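S.K.:
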Amino acid sequence: KSLNFNSRIKIKISTSSQIDSINLKKLKDLTITPIVIYDKSGKCYEKKIFDVKYKKNSKNVFTMTLTAEGGLPIKRFIVGDDVLPNISTLFDTSCIIQEFDFLDITVK
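Just add 310 to the spot in the sequence shown (first one is 1) and you have this note's numbering.
#1: Mapping DSSP to helix, strand and coil, what is Asn370?
#2: DSSP state of Thr399, grouped into three classes?
#3: For Asn333, tell me which candidate among Phe412, Glu379, Met374, Ser317 has the shortest Cα-Cα distance.
#4: Residues in the same chain with beta-carbon distance under 7 Å from Asn370, minus the five sequence neighbours each way, listed in chain order, please.
#5: When the distance is taken between beta carbons, is Leu382 closer than 8 Å to Gln345?
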């Protein structure tokens with residue numbers, strides 16, 4: 311049995327087009343729907359996001375702090391590589407991680 315844990319992660323994200331405050335507000339909806347991750351073999355699994363906070367740093371950069379179930383593939387979740395919903399689709403523009411940091415890990 312794998313270890314169940316939650317992670318609190320701070321992610322600095324840059325976008326290829328200007329950040330709209332409407333899109334930032336959509337980040338709160340990520341706590342409603344599970345994130346579906348498709349692996350290369352065609353299997354899929356779900357991860358939940360429990361909490362999302364965000365701050366706009368500049369017109370093309372924002373910082374998001376989220377609490378999520380362990381095992382959420384952060385880079386794929388931002389870029390949109392076989393993960394739905396994802397940040398690039400939510401913002402309708404390509405997004406890249408500038409940096410990310412695990413602030414806390416809680417074993418369930």
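Heads up, the beta-carbon is just placed ideally off N, CA and C, and yes, glycines get one too. The structure presented is a predicted model; accordingly, all values stated were derived computationally and were not measured.
M.R.: Per the coordinate set shown:
#1: coil
#2: helix
#3: Met374
#4: Ser324, Thr325, Gln328, Ile329
#5: Reading off the sequence shown, one finds Ile at residue 345, where the question assumed Gln. The Cβ atoms of Ile345 and Leu382 lie closer than 8 Å to each other.
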